[in-house]
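Taking it in order: structure first as structure tokens, then the write-up.
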Amino acid sequence: MKYPLNIKRKIISVAPHFYVTDSDNEPVLYVEQKLLKLKEHIEVFTDDTKEIKLCDIKATKVIDWSSGYNFTDEQGNFFGGIKRKGLKSLWKARYEINSGNSDGAAEFNVSEESVLVRILDGIIGEIPIIGYFTGYIANPTYVVKDTSGNAVMRLRKKPALWEGKFSIESLSELSDAQQIQILVGLLMMLILEKNRG
């Protein structure tokens, strides 16, 4: 993949749709959330033609404060997952991206870099009319770290009014499988954090 990757999400839409392109503006992924499902179900395709499905993301439970989601490939094989770290996510968004191993151990941790941006976004977002402009003011940044604490990727929210714009930069050498695992995890995280611009 050619970094930085760019993500676009239409804010005014019935169901979340994410378009991921590389630095040459070539499609990398297209994400579409299924509506009216008891358990959340998101489909990930290689582009918006939806001809080639890459994987499915499915909730592990119907309702869960520490939301957990499994990633399965086209054949239904588990290759990872993401889980919100419940109470620890109140002040700063925190997630664990789990490996595809049978033990399901966390391979990467995702956390928001600034508590101040989260508080500012929460306060401004509740003000009538002005809250619509938080997409220009409060733009969170998330960093992905491996189990040794080394930063491997960074996701930044870009200023935008009518759509969510994000960029992902690579900070370390990763295998193709790890890149897909992290990318799918970050896209699920963006869906969970959708109220944040």
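To convert a position in the sequence shown, counted from 1, into the numbering used here, add 1209.
Note that the Cβ used here is the ideal one computed from N, Cα and C, for glycine as well.
It should be emphasised that the depicted structure is a prediction, and the values quoted were computed from it without experimental measurement.
For the alpha helix (DSSP H) that residue i lies in, which residues bound it at each end?
i, result
"I1306", "Premise fails: I1306 lies in the beta strand (DSSP E), 1303 to 1307, not in any alpha helix (DSSP H)."
"V1393", "1385 to 1401"
Can you give me the start and stop residues for the beta strand (DSSP E) that residue i sits inside?
i, result
"V1229", "1226 to 1230"
"D1282", "1277 to 1282"
"I1266", "1262 to 1268"
"A1369", "Looking at the DSSP string, A1369 is not in any beta strand (DSSP E), and its letter there is neither H nor E."
Kindly list the residues whose CB is nearer than 7 Å to the CB of residue i, restricted to its own chain and excluding five residues on each side of it in sequence; keep chain order.
i, result
"K1301", "S1320, E1321, V1324, R1327"
"L1401", "S1276, R1293"
"D1231", "M1210, K1211, L1214, V1237"
"S1379", "Y1212, M1362"
At the level of alpha carbons, what is the spacing between residue i and residue j?
i, j, result
"A1314", "Y1351", "21 Å"
"L1370", "K1403", "14 Å"
"A1386", "V1223", "31 Å"
"K1366", "K1374", "6 Å"
"V1229", "P1337", "31 Å"
"S1357", "S1308", "15 Å"
"D1257", "Q1388", "20 Å"
"K1280", "I1377", "In the sequence as displayed, the identity of residue 1280 is Phe instead of Lys. Taking the straight line joining both Cα atoms gives about 20 Å."
"G1289", "Q1390", "7 Å"
"N1348", "H1226", "20 Å"
"E1249", "P1368", "28 Å"
"N1234", "A1268", "31 Å"
"G1394", "L1364", "12 Å"
"E1260", "V1253", "11 Å"
Short of 8 Å in beta carbon distance, which residues of its chain neighbour residue i, apart from the five on each side in sequence? Order them along the chain.
i, result
"S1381", "D1355, N1359, A1360, V1361, M1362"
"M1397", "I1251, I1266, Y1278, I1291"
"R1303", "R1293, K1294, K1297, N1318, V1319, S1320, E1321"
"E1305", "I1291, K1292, K1294, A1315, F1317, N1318, V1319"
"E1283", "K1262, L1263, C1264"
"L1244", "V1223, A1224"
"E1372", "K1217, R1218, K1219, I1220"
For residue i, count neighbouring C-beta atoms within 10 Å of its own C-beta (all shown protein chains included) and say buried if the count is 16 or more, exposed if not.
i, result
"G1285", "exposed"
"L1399", "buried"
"L1392", "buried"
Between which residues of its own chain and residue i is the CB-CB distance below 6 Å, once the five residues before and five after are set aside?
i, result
"K1270", "none"
"V1353", "F1317, V1319, V1361, M1362, I1391"
Is residue i close to chain B, meaning its C-beta is less than 8 Å from at least one C-beta of that chain?
i, result
"A1224", "Of the protein chains in the structure, only one exists, and it is not chain B."
Subject >> the segment 1212 to 1221 / the segment 1231 to 1243 touching (three or more Cβ pairs under 8 Å) >> reply: yes
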